[in-house]
Structures are given as structure tokens and as C-alpha cells.
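Residue numbers (our numbering): 2 to 287. Quick reminder that beta carbons are idealized off the backbone N, C-alpha and C, glycines included.
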């Protein structure tokens with residue numbers, strides 16, 4: 002099976018979104034954020050997006066893994082580089098996977114520096130609140146922009162006991178709010194707020210000075226992010242309550258595969274227009 006080489010991009014590059022621009026978007030037009038894991042998807046989403054996240058959700062979405070825990074640094078780098086090749090406008094942020102930053106600030110710096118150097122992305126994301134504040138400060142003081150992630154933290158799902166919404170109890174809500182303050186004070190340029198009750202997400206947004214990016218949170222957040230495969234209807238199986246499906250690409254793919262299969266089995270494909278013929282012999286003059 003042949004692979005088609007990608008043609009060089011000749012169109013002028015759109016003005017790129019910077020970390021500074023994201024930070025400055027507090028209380029402004031809401032930020033549009035989506036996930037991407039490949040070059041073609043990045044190209045399709047780039048113009049509409051302010052931020053493209055190469056999330057460790059690729060473990061489940063791309064590789065069929067049961068959680069984000071088995072995702073490796075090499076996997077994140079490979080997909081991060083692919084997305085950077087397709088993004089000319091949106092800021093590309095790459096997740097630090099589980100085990101790549103929790104040991105120490107020094108470990109986090111080594112792995113974050115490798116991600117930036119080998120992908121060309123603009124920032125990294127890591128999960129954790131006050132417990133990760135020292136690490137966030139260590140990275141940002143050394144020139145590595147950090148997008149923080151609080152509330153429901155998929156990498157900690159085993160310790161948290163599942164994917165239930167956070168902040169329903171007053172004590173837990175105060176802890177999450179303290180996490181938001183801690184990561185902001187440590188230097189995060191924005192904060193993903195995932196899976197928390199809407200009033201708490203709105204309170205966090207009012208409290209901290211950097212943008213909040215909600216997922217399963219509140220419309221009052223300074224931006225929103227969804228897993229693209231969920232939003233596009235490519236995810237088969239359970240889809241979280243907070244997802245709105247904007248297309249049904251999965252159904253379109255299945256229908257196209259069925260049509261293709263029917264044509265192949267009936268020998269309708271390939272048709273004459275898809276075949277290469279022998280050149281016609283040249284007739285000598287005279």
C-alpha cells in the first residue's frame with residue numbers, strides 16, 4: 002500500500018497565539034480549546050482554536066488503553082511533534098504524562114524541556130494543585146510555560162476513586178479553590194478546571210487572576226476545552242455528560258466503510274477511472 006507524501010505548506014502562516022495572549026484573555030472573549038493528536042486533525046482545528054492540547058487522553062482515544070496512566074513520554078513527544086507540524090495559529094500545549102514530573106521539580110524540568118525541544122510546542126500541562134506548586138514555580142522560573150490542571154485529575158483517578166464530579170462537599174470545594182490559588186501564585190499562565198460543580202468553577206474563575214479553561218465545569222470559565230473525538234462523535238462507548246456532540250463523524254465513517262465494502266465485494270471498485278492503463282502506441286508519420 003502506498004503512502005502519499007504531504008505537500009509543503011505554501012499558504013502564509015496565521016499569526017500564532019502566544020502564552021502571553023492566553024494569559025491576557027482573562028474575562029475577555031472565551032478561549033476555544035480542543036485536543037489534537039495528529040497533523041491532519043491539527044490542521045483542521047487550527048483556525049478555529051486558540052489552544053490545541055496534545056492530551057494524555059490519547060492513551061484511550063488513540064491507543065485504546067483503559068486510562069491515561071500507561072501513556073509514556075515518548076508517546077506524548079511523537080504526537081506533540083505531529084500536532085505542531087499542523088498548527089500555525091493555535092498555541093500547542095503538551096501534557097506531561099503520569100510519572101514524568103511527580104518525583105521532583107528537577108525531573109519535571111528535564112522532561113518538560115525535552116518535550117519543548119523535541120516537539121516545538123509552546124507550553125506543557127501538568128495535573129495537581131498545591132502539591133505541584135513548587136514544581137510549577139521551578140519550571141516557570143526556568144522559562145517553561147505551564148498550564149495547570151485542577152479538580153478532577155485523570156492521572157490520579159485511582160487515588161480519587163473514580164471520575165465523579167468534585168467540589169460537592171464544602172471542605173473539598175475549599176481545597177480545590179486553594180489549589181487554584183496555589184498554581185496561579187506559582188506562575189501557571191492558565192488553569193484547566195475539570196469535573197467540578199458549576200458554582201465552584203464560577204467562584205474559581207472570579208478568584209484567580211489567570212484564565213480558567215473549563216471541561217465539565219461552568220460556562221462562566223474564561224474558556225472551554227473538549228476532547229475532539231468526543232465532540233466530533235468519533236468516540237464509541239461512554240461519553241461524559243458534559244460533552245455536546247457537534248457532529249457524528251463516527252457514523253459517517255462506518256457508513257463510508259460499508260459502502261466501500263459493498264463496492265469491493267460487487268467488483269464496482271476500482272472502476273475504469275481509477276485504473277492505470279498502458280500508453281497508446283505512437284503512430285509514425287508518413
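Taking 7 Å as the threshold (C-beta atoms), are residue j and residue i in contact?
i: residue 32; j: residue 26; result: yes
i: residue 197; j: residue 218; result: yes
i: residue 66; j: residue 102; result: no
i: residue 53; j: residue 84; result: yes
i: residue 238; j: residue 249; result: no
Residues in the same chain with beta-carbon distance under 6 Å from residue i, minus the five sequence neighbours each way, listed in chain order, please.
i: residue 141; result: 147, 188
i: residue 56; result: 36, 96
i: residue 59; result: 38, 80
i: residue 225; result: 215
i: residue 64; result: none
Considering only residues of the same chain and omitting the five flanking positions on each side of residue i, which have a CB-CB separation below 8 Å?
i: residue 192; result: 148, 149, 150, 151, 181, 184, 185, 205, 209, 211, 212, 213, 214
i: residue 116; result: 74, 77, 78, 81, 95, 97, 122, 125
i: residue 230; result: 36, 62, 236
i: residue 242; result: 217
i: residue 246; result: 231, 232, 233, 234, 240
i: residue 110; result: 139, 140, 143, 145
i: residue 179; result: 130, 131
i: residue 41; result: 87
Can you round the beta-carbon distance between residue i and residue j to whole angstroms, since I take them to be within the 8 Å contact cut?
i: residue 129; j: residue 154; result: 7 Å
i: residue 23; j: residue 190; result: 6 Å
i: residue 114; j: residue 145; result: 7 Å
i: residue 68; j: residue 158; result: 6 Å
i: residue 28; j: residue 264; result: Not quite, the Cβ-Cβ distance comes to about 54 Å (not below 8 Å), so this is no contact.
i: residue 277; j: residue 270; result: That belief does not hold up - the Cβ atoms of residue 277 and residue 270 are roughly 15 Å apart, past 8 Å.
With 16 other CB atoms within 10 Å as the buried threshold, where does residue i fall?
i: residue 275; result: exposed
i: residue 170; result: exposed
i: residue 175; result: exposed
i: residue 280; result: exposed
i: residue 99; result: buried
i: residue 30; result: exposed
i: residue 177; result: buried
i: residue 220; result: exposed
i: residue 259; result: exposed
i: residue 120; result: buried
i: residue 13; result: Summary for residue 13: the model assigns pLDDT 48, below 50, so the residue's position carries little reliability; its value from the coordinates is reported in the next sentence. By the 10 Å Cβ count, residue 13 comes out exposed.
i: residue 172; result: exposed
i: residue 252; result: exposed
i: residue 134; result: buried
i: residue 104; result: exposed
i: residue 195; result: buried
Quick check on this structure: which residue in the options has the alpha carbon closest to the alpha carbon of residue i?
i: residue 93; options: 176, 100, 38; result: 38
i: residue 106; options: 143, 224, 120; result: 143
i: residue 168; options: 157, 202, 50; result: 202
i: residue 21; options: 45, 51, 41; result: 51
i: residue 200; options: 166, 268, 267; result: 166
i: residue 228; options: 46, 16, 28; result: 46
i: residue 90; options: 71, 16, 64, 135; result: 16
i: residue 156; options: 72, 267, 112; result: 72
Is the Cβ of residue i closer than 7 Å to any Cβ of chain D?
i: residue 74; result: This model lacks chain D altogether, as it is built from one protein chain only.
Spatial neighbours of residue i within its chain, please: CB distance less than 7 Å, with the 5 preceding and 5 following residues excluded, ordered by chain position.
i: residue 43; result: 37, 53, 84, 87, 88
i: residue 10; result: A caution first: residue 10 carries a pLDDT of 46, below 50, which makes its placement in the model too unreliable to give a value.
i: residue 49; result: 33
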